[in-house]
Amino acid sequence: MKKIIINATLTTVQPVSIKLPDQDGHPKMTRGVDSDGHPKKTAYIPATTMRGKLRRLAVQPLMEAAAAAGQPWTLHQVYEAMLGQDAASEANEEIDLVALKKRRADNHIVDLFGAGLGVKSRLSVGHFMPVIDVAPEAFAGVRKDLDSDTDVLELMDPEEVNRFVDRNTNNSKRAAAEALVKKMVTQVRKAEKAGQDVTDLKAALALTEAQRDALVLAMGDMKNSTKTLTSYEAMPAGIELKSRIIIDKATARDVATLLAALDLFSRSPVLGGQTARGCGEVAGNFELSDQEGVLLGVVSVGGYAPSKVNWTAGGAALMLEKV
Numbered sequence: 104m105k106k107i108i109i110n111a112t113l114t115t116v117q118p119v120s121i122k123l124p125d126q127d128g129h130p131k132m133t134r135g136v137d138s139d140g141h142p143k144k145t146a147y148i149p150a151t152t153m154r155g156k157l158r159r160l161a162v163q164p165l166m167e168a169a170a171a172a173g174q175p176w177t178l179h180q181v182y183e184a185m186l187g188q189d190a191a192s193e194a195n196e197e198i199d200l201v202a203l204k205k206r207r208a209d210n211h212i213v214d215l216f217g218a219g220l221g222v223k224s225r226l227s228v229g230h231f232m233p234v235i236d237v238a239p240e241a242f243a244g245v246r247k248d249l250d251s252d253t254d255v256l257e258l259m260d261p262e263e264v265n266r267f268v269d270r271n272t273n274n275s276k277r278a279a280a281e282a283l284v285k286k287m288v289t290q291v292r293k294a295e296k297a298g299q300d301v302t303d304l305k306a307a308l309a310l311t312e313a314q315r316d317a318l319v320l321a322m323g324d325m326k327n328s329t330k331t332l333t334s335y336e337a338m339p340a341g342i343e344l345k346s347r348i349i350i351d352k353a354t355a356r357d358v359a360t361l362l363a364a365l366d367l368f369s370r371s372p373v374l375g376g377q378t379a380r381g382c383g384e385v386a387g388n389f390e391l392s393d394q395e396g397v398l399l400g401v402v403s404v405g406g407y408a409p410s411k412v413n414w415t416a417g418g419a420a421l422m423l424e425k426v
């Protein structure tokens, strides 16, 4: 078989929050322009999020089996299989076709997902795009401190309660000092820009910084307040997204590997971060077809339950091939 095309549809059961290093908040991209030529933005789920998830889930059972057999993988093996890292390929510009063929035959994960610059992936994953453009939502919350529940304090040793009170007092003073430091830094910059004498301002700033540092030190091992504001962006719940996954030069073994990964995904169908705050859950279907458009089967995932696979006659015949 030359190619298998997988048309994937996911629905966000809960908000999905993803953070990329080069973007603030949930990822957004331009999809088309309006009548005035202005770009229209939409949130989406990056291809790397799903591709990385599938690769890790494909590798996980292999690592577990090796560990159970008393032969845990080396760090090199883990990086190669799970992340596709291969430093040697970046240093060597020549490609040994015989060695490459053997490497593909010896390591199916590398053969399917690729590694470094030497082994090209046979599996490509598209971005998951919403059917209708959607903007990410901003979410916020507050981590509560111990005094949010007086019963907790009553169960503590009085000396520890006093430590908590002192810590809160010092933290309030520290926060006020920190705000004053920021304000004074701005004043110094403005004065310097205006060519004014900043000797007194800098002396006052140094004193305030010292007071702030002393308060931080006084907090000891409880420097971070738990009553802090948390904020993040996420794609809303109930959004339908579509993508396409392609397996080039597909084999029954490729399909079996992908099905196993999707089954693990279905049992914990979560993407992105902020999972402790209710984010990440998705559900959906993956429709497998050959390159002629003939449906082979449908894989349903989600609900923290095993995946469900419904094969057509053609799909069942494919899976009977030698894996």
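Just so you know, we're using the working numbering here: the sequence shown kicks off at 104 and counts up by one. For glycine and all other residues, C-beta sits at the position ideal for the given N, C-alpha and C.
- By the neighbour-count criterion, in which 16 or more other beta carbons inside 10 Å mark a residue as buried, H179 falls on the exposed side.
- Between S369 and F389, the alpha-carbon positions lie close to 12 Å from each other.
- Counting the other CB atoms within 10 Å of its CB gives H141 a total below 16, which places it among the exposed residues.
- DSSP places M338 in the strand class (E or B) of the three-state scheme.
- Judged by DSSP secondary structure, R266 falls outside any beta strand (DSSP E) and instead within the alpha helix (DSSP H) spanning P261 to K296.
- In the displayed model, V234 falls within coil according to three-state DSSP, outside both helix and strand.
- Inclusion of V228 and S346 in the CB contact set at 8 Å is warranted, their separation being smaller than that value.
- S138 places its beta carbon 8 Å or farther from that of A337.
- When G417, A386, L391 and R315 are compared, the shortest CA-CA separation from P409 is found for A386.
- Setting aside the 5 residues that flank it on each side, E424 is surrounded in the same chain by A355, each with a C-beta closer than 6 Å to its C-beta; the list follows chain order.
- The three-state reading of DSSP puts G406 in coil, since its state is none of H, G, I, E or B.
- Partner residues in a beta bridge of F368, as assigned by DSSP, do not exist.
- Looking at the backbone, the Cα of L304 and that of V255 are separated by about 45 Å.
- Annotation for M132: the continuous beta strand (DSSP E) segment containing it runs K131 to V136.
- If you look at T115, you'll find it isn't in any alpha helix (DSSP H); it sits in the beta strand (DSSP E) that goes K106 to T115.
- In the structure shown, A386 falls within a strand segment according to DSSP collapsed to helix, strand and coil.
- For E343, the enclosing beta strand (DSSP E) covers residues E343 to D351.
- M322 has its alpha-carbon roughly 22 Å from the corresponding atom of T333.
- 8 Å or more divides the Cβ of M232 from the Cβ of L374.
- Per DSSP, reduced to three states, the secondary structure at P175 is coil, with no helix or strand assignment.
- Boundaries for K144: no alpha helix (DSSP H) harbours it, while the beta strand (DSSP E) harbouring it runs P142 to A146, taken from the DSSP string.
- For R154 and P239, the gap between their C-alpha atoms comes out near 22 Å.
- A straight line joining the alpha-carbon of E312 with that of A280 spans about 8 Å.
- Here DSSP, grouped into helix, strand and coil, assigns G418 to helix.
- Around M422, the same chain offers A355, V358, A359 and W414 as residues with beta carbons nearer than 8 Å, after the five sequence neighbours per side are excluded.
- Counting along the chain, the unbroken alpha helix (DSSP H) around V213 starts and ends at H211 to F216.
- Going by DSSP, V228 is part of the beta strand (DSSP E) stretching over L226 to V228.
- Each of E257, D260, G244 and L398 was checked against the Cα of A379, and the nearest Cα belongs to G244.
- Between V234 and V222, the gap from beta carbon to beta carbon reaches 8 Å or more.
- Beta-bridge partners assigned by DSSP to D393: I107.
- Closest option to L283, judged by alpha-carbon separation, among G298, N110, E262 and L310: L310.
- The distance from the Cβ of L318 to that of K276 is about 5 Å, consistent with a contact at the 8 Å cut-off.
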